[in-house]
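*Asks:* In terms of UniProt numbering, the sequence shown has 20 at position 20, counting the first letter as 1, and numbering is strictly consecutive. We put the beta carbon where it would ideally sit given N, CA and C, even for glycine. Just so it is clear, the structure is predicted and the values come from calculations on it, not from any experiment. I have a structure here, written as structure tokens, and I will follow up with some questions on it.
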Amino acid sequence: MAGAAGIIVSNHGARQLDYVPATIMALEEVHIRFIYLSDFY
């Protein structure tokens, strides 16, 4: 554990590339992996 207070999820550049997942899909994946470790807003 790194002791981080939070993380920022971004898929910068998604508007320029048609094959990049939507931002909300990236956030969903992070939430699934870390659901028991953090609150999500």
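F34 to T23, Cα distance in whole Å?
*Replies:* If I take the Cα positions, the gap works out to 17 Å.
*Asks:* Measuring straight from C-alpha to C-alpha, what distance separates G3 and H31?
*Replies:* Whole-angstrom Cα-Cα distance: 18 Å.
*Asks:* Consult DSSP for L37 and reduce its assignment to one of helix, strand or coil.
*Replies:* L37: coil per DSSP, three-state reduction.
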